[in-house]
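> Right, I'll just put the structure down here and ask away after.
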Amino acid sequence: MTLDKICNTLLILIPIAGIARIIYCAMSIAANSDESGKMNRRIKNIIVFIVLSECLVSIIAIIESYYK
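Those letters in the sequence shown? Residues 355 to 422, by the working numbering.
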């Protein structure tokens, strides 16, 4: 696999996995409202991770295409 294919795969998989985790956390909040503060922090951290990782993968793809 080339770096380009890996980057494209990550650009697809990271948001899907993040959304699945956010849905899981939302369901945990609905089932147990006592842990809503902890789950809200986790959801915020997941969103930050998705944004940062998408930016990093995009930067890697740009750098790789520049040096081709």
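Note that CB positions come from ideal geometry on N, CA and C, so glycine has one too.
#1: Please report how far the alpha carbon of residue 377 lies from the alpha carbon of residue 412, in whole angstroms.
#2: What first and last residue would you give for the alpha helix (DSSP H) that runs through residue 392?
#3: Within 10 angstroms of the Cβ of residue 379, are there 16 or more other Cβ atoms? Answer buried if so, exposed if not.
#4: With a cut-off of 8 Å on the beta carbons, I'd call residue 361 and residue 414 a contact; round off their distance for me.
#5: Mind checking whether residue 357 and residue 407 have CB atoms under 9 Å apart?
Let's see:
#1: For the pair residue 377 and residue 412, the Cα-to-Cα distance works out to about 25 Å.
#2: Where residue 392 is concerned, the enclosing alpha helix (DSSP H) stretches over 390 to 420.
#3: Label assigned to residue 379: buried.
#4: With 8 Å as the limit, residue 361 and residue 414 qualify as a contact, their Cβ atoms being about 6 Å apart.
#5: Residue 357 places its beta carbon 9 Å or farther from that of residue 407.
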